[in-house]
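Right, one structure below, let's go through it.
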Amino acid sequence: MSEKSFVLLERIELMSDLLIGRTLGREADVYIDIIQEAVQTIRALEENETDV
1 MSEKSFVLLE RIELMSDLLI GRTLGREADV YIDIIQEAVQ TIRALEENET
51 DV
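Here you go:
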């Protein structure tokens, strides 16, 4: 994994912790879905050796 992707994943993880900590119920699920999609996209780009 490139350093750039690693940094992006770290930032996404931090954002998810903050959002989940501040959000309850249905809204948290929406944020979790968005975050998971972002992580999957970064991993897919890495597998294809695309610089993000």
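One point on numbering: in the UniProt record's numbering, the residue at position 18 of the sequence shown is 18, and numbering is uninterrupted.
Glycine included, C-beta positions come from ideal geometry on N, C-alpha and C.
Does DSSP put residue i in a helix, a strand or coil?
{"i": "Glu49", "result": "coil"}
{"i": "Ser2", "result": "coil"}
Suppose you measure from the CA of residue i to the CA of residue j; what does that come to, to the nearest Å?
{"i": "Gln36", "j": "Leu45", "result": "14 Å"}
{"i": "Arg11", "j": "Gln40", "result": "14 Å"}
{"i": "Phe6", "j": "Asp29", "result": "24 Å"}
If the criterion is Cβ atoms closer than 8 Å, does the pair residue i and residue j meet it?
{"i": "Tyr31", "j": "Leu19", "result": "yes"}
{"i": "Ile42", "j": "Leu9", "result": "yes"}
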